[in-house]
Every structure is written in C-alpha cells, then in structure tokens.
Amino acid sequence: MEKKKTISVMVENHPGVLARIAGLFSSRNFNIESLAVGETEDPATSRMTIVATGDELVLEQIIKQLNKLIDTLKVIDMSKEDYVERELALIKINTEDKNLTHLMHIIHIFKGKVLDTATDSLIVEITGNDDRINSFTQLVQTFGIKEMVRTGIVALTRSKKQKE
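Residues in the sequence shown are numbered consecutively from 34, following the working numbering.
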C-alpha cells in the first residue's frame with residue numbers, strides 16, 4: 034500500500050551528501066515529492082526534510098539505510114511524531130483585465146503577502162501546509178498563474194508537553 038512519509042535527516046554539512054541521499058531514493062525508483070535542505074543552528078550540520086510516497090516496507094528500508102550513511106547524524110520518521118510543517122510558495126498571478134478586488138480578497142483570506150506588483154501581474158507569497166497552498170492555487174487559477182515556485186515542506190517535531 035502506498036503511503037506518504039515525511040522524513041527529517043540531520044547530516045554533516047559537506048559537499049555530496051545531498052546526492053548520496055537522493056541516490057538512495059532514485060536507486061529504488063522512488064520519487065521525492067518534496068526536498069528542502071538548509072543549515073541548522075549549527076553551521077556544521079544541515080537538516081533535510083524529505084517527503085516521499087511509496088510502499089511502506091521499502092520506505093522503512095530507505096530509513097534504515099539513511100541511518101547507515103557516514104554523513105548521517107540522525108533520521109526521524111516524522112510520520113510517527115507530532116510535528117509542525119510549513120511550505121512557502123511564490124506565485125506570479127496574471128492581473129490583466131482581471132477583478133483585482135476579488136484577487137486581493139482571496140490573498141487576504143489566505144494571509145498572503147503581495148511582494149511585487151507590475152502592470153500585468155502580482156507576485157504573492159503564501160505559507161502553510163500542502164493543502165492550504167493547493168487550495169490557494171486552485172482559487173487563483175481563474176486569474177492565470179504565470180509562474181510558481183514552492184520550497185518544499187520543512188518540519189520540526191513538537192516539544193513534549195510537561196505533565197502537571
């Protein structure tokens with residue numbers, strides 16, 4: 034059965050680490066739906082947030098193999114944790130001969146930010162989970178999306194709450 038997994042991988046911040054980790058997925062014909070990588074609070078380490086869909090057993094094998102890589106410091110299957118995730122999208126929306134009041138209302142409802150304006154388009158920033166960004170893009174589709182880029186999901190586990 035196909036399952037979506039969000040995996041957080043803490044790695045040493047060295048050249049070639051991303052290629053080795055991506056290679057684990059491609060060698061098993063798994064497509065990475067989302068991949069976000071960046072330095073952590075420690076410049077010597079990076080955090081990779083990977084979202085992949087596939088067979089549960091194969092994904093478990095990939096997680097085990099990720100743990101064995103030399104540059105890997107920690108692997109967390111976020112699907113087994115309580116976590117917060119976000120994604121950022123920048124969307125250039127057509128505004129020629131369009132109802133800007135209606136578009137601005139949609140942007141406001143989604144708490145988006147207009148980053149740039151031109152005579153024929155707006156660039157809007159939207160953050161949220163995958164469903165929120167997909168809902169926004171569906172609503173503004175009637176205006177025409179000229180260009181779009183998404184960061185991919187980033188995620189952190191929630192802190193354990195203290196029992197009283």
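All C-beta atoms, glycine included, are put in the ideal place defined by N, C-alpha and C. Values in this document were obtained by computation on a predicted structure and should not be read as measured data.
*Report the residue from Gly185, Glu72, Leu92 whose alpha carbon sits nearest the alpha carbon of Asn46.*
Position 13 of the sequence shown, counted from the start, is the residue given in the question as residue 46. Comparing Cα positions, the closest option is Glu72.
*By Cβ distance, which residues of its chain are closer than 6 Å to Leu155, with the 5 residues on each side in sequence left out?*
Looking up residue 155 in the sequence shown gives position 122. Same-chain partners within the cutoff: Ile126, Thr128, Val147.
*asked:* Starting from Ile140, trace the alpha helix (DSSP H) in both directions and tell me its first and last residue.
replied: In the sequence shown, counting from the first residue as 1, residue 140 sits at position 107. Its alpha helix (DSSP H) spans residues 133-142.
_What would DSSP say about Asp110, mapped onto helix, strand or coil?_
Position 77 of the sequence shown, counted from the first residue, corresponds to residue 110. Of the three classes helix, strand and coil, the one that applies to Asp110 here is strand, per DSSP.
*Apart from the five residues on each side of it in sequence, which residues of its chain come closer than 8 Å, Cβ to Cβ, to Ala55?*
Along the sequence shown, read from residue 1 onward, the residue named residue 55 stands at position 22. Closer than 8 Å at the Cβ level, and outside the excluded window around Ala55, lie Ile65, Leu68.
*For Ala188, count neighbouring C-beta atoms within 10 Å of its own C-beta (all shown protein chains included) and say buried if the count is 16 or more, exposed if not.*
For this step, residue 188 is matched to residue 155 along the sequence shown. Its Cβ being crowded by 16 or more others within 10 Å, Ala188 is buried.
_C-alpha gap between Thr160 and Met111, whole angstroms_ = Residue 160 sits at position 127 when you count from the first residue of the sequence shown. Residue 111 sits at position 78 when you count from the first residue of the sequence shown. Between Thr160 and Met111, the C-alpha separation is close to 20 Å.
*Report yes or no: is there a C-beta of chain B within less than 8 Å of the C-beta of Val50?*
Here there is only one protein chain, and chain B is not present.
*What distance in whole Å lies between the Cβ atoms of Ala77 and Phe58, which are believed to be in contact at a cut-off of 8 Å?*
Here residue 58 refers to the residue found at position 25 of the sequence shown. Here residue 77 refers to the residue found at position 44 of the sequence shown. Not really, about 24 Å apart at Cβ, beyond 8 Å.
*To the nearest angstrom, how far is it from the Cα of Gly185 to the Cα of Ser41?*
On the sequence shown, position 152 is the one that residue 185 refers to. On the sequence shown, position 8 is the one that residue 41 refers to. When rounded, the distance between both Cα atoms is 13 Å.
*Flag this pair as yes or no: are the beta carbons of Val173 and Leu136 separated by less than 8 Å?*
Reading the sequence shown from its first residue, position 140 is the one you call residue 173. Reading the sequence shown from its first residue, position 103 is the one you call residue 136. Yes, these two residues count as a Cβ contact at 8 Å.
*Apart from the five residues just before and just after Thr105, which ones in its own chain have a Cβ nearer than 7 Å to its Cβ?*
Taking the sequence shown and counting its residues from 1, one reaches residue 105 at position 72. Only Val42, Val44, Leu99 meet the Cβ criterion.
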